[in-house]
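First comes the structure, then the notes that go with it.
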Amino acid sequence: MSSFISGVNLTAESSQCQIDAYIKSAEWDLEDFSAVNNGAKYDCCQIVYPYVLYTIRIRRRSLYYLTNIVVPCFVVSCMAILGFLLAADSGEKLILQITILLNIVMFSLLMSEIMPSNSTAIPIITIYFMRVMIMSAISAWFLCMKRPNYDSTWRGIRSQWARHTEKPNNTNGSIGSHHARIPSESLLSNRFELLPNNTINENRQPLPILE
1 MSSFISGVNL TAESSQCQID AYIKSAEWDL EDFSAVNNGA KYDCCQIVYP YVLYTIRIRR
61 RSLYYLTNIV VPCFVVSCMA ILGFLLAADS GEKLILQITI LLNIVMFSLL MSEIMPSNST
121 AIPIITIYFM RVMIMSAISA WFLCMKRPNY DSTWRGIRSQ WARHTEKPNN TNGSIGSHHA
181 RIPSESLLSN RFELLPNNTI NENRQPLPIL E
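The numbering of the sequence shown is UniProt numbering, which starts it at 1 and goes up by one.
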């Protein structure tokens, strides 16, 4: 709001504004609220237009983001470093790094929904997430190494799959060959005789044999 300096002269009595009626916010902190007397002169005329410039500076509270996002992400990044202590021939190392990468992506998506859209500057927490994500992706890429006595190429995987599919057929064939070798006549000609002295019941008494 402005007017001629001869008509209405807008002047702030103090550079510090009163914040007695200010209600504290749970998300923002009010750091500064000041007023400055100023005037503007336009090309159309030589008259000075006075105005009062109010400056409000606020800062986002960091406790919510620190406890819910930064600390879990820091723990996850520490787990990425501890993942190198696992044995190289175990698949848990690669699974751990991929899981950590997915967690970092989840945290970054959560931050993109909370933080306002801004293309002029990158927030510090976004830079931190990007660095941890790149570190986890590089570690997962380098951990995709060859294990001892294990061929991770496409040809090796295909040959292993072929061997696993052929095993049941070979097992059935061997069992079938063993059955073919057993003569059926010998089984039919065998006779088993039960003698009264050899047949014992629970009372340790000989059982009668019916003819």
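Each residue gets a CB set at the ideal place from its N, CA and C atoms; glycine is no exception.
Given the structure is predicted, the values throughout are model-derived calculations rather than measurements.
So Ile-69 and Trp-28 are supposed to be a Cβ contact under 8 Å. How far apart are they, rounded? With 8 Å as the limit, Ile-69 and Trp-28 do not qualify as a contact, their Cβ atoms being about 18 Å apart.
In whole angstroms, what separates the C-alpha of Val-105 from that of Ile-138? Distance between the alpha carbons of Val-105 and Ile-138: 14 Å.
Going by DSSP, what residues sit across from Thr-55 in a beta bridge? DSSP lists Ser-34 as the bridge partner or partners of Thr-55.
Are the beta-carbon atoms belonging to Ala-12 and Val-52 less than 8 Å from one another? Cβ distance < 8 Å, so Ala-12 and Val-52 count as in contact.
Does the stretch 26 to 45 come close enough to the stretch 95 to 111 to have 3 or more Cβ pairs within less than 8 Å? With the cut-off at 8 Å, the stretch 26 to 45 and the stretch 95 to 111 do not touch.
Assign Pro-50 to one of three DSSP states: helix, strand, or coil. Looking at Pro-50 - three-state DSSP - the assignment turns out to be strand.
For Asn-37, decide whether its Cβ has a neighbour in chain C, counting only Cβ atoms nearer than 8 Å. The structure shown contains no chain C; it is built from a single protein chain.
Cβ neighbour criterion (16 or more within 10 Å) applied to Ala-87: Ala-87 is exposed by the Cβ-count criterion.
By the DSSP assignment, the alpha helix (DSSP H) with Met-111 in it spans what residues? Element bounds for Met-111: 92 to 114.
Does the beta-carbon of Ser-77 have 16 or more other beta-carbons within 10 angstroms, so that it is buried, or is it exposed? By the neighbour-count criterion, in which 16 or more other beta carbons inside 10 Å mark a residue as buried, Ser-77 falls on the buried side.
According to the neighbour-count rule (16 or more other Cβ atoms, all chains shown, within 10 Å of its Cβ), is Ala-121 buried or exposed? The residue is exposed, with fewer than 16 neighbouring Cβ atoms inside 10 Å.
Under three-state DSSP, which class holds Arg-131? In the structure shown, the three-state DSSP call for Arg-131 is helix.
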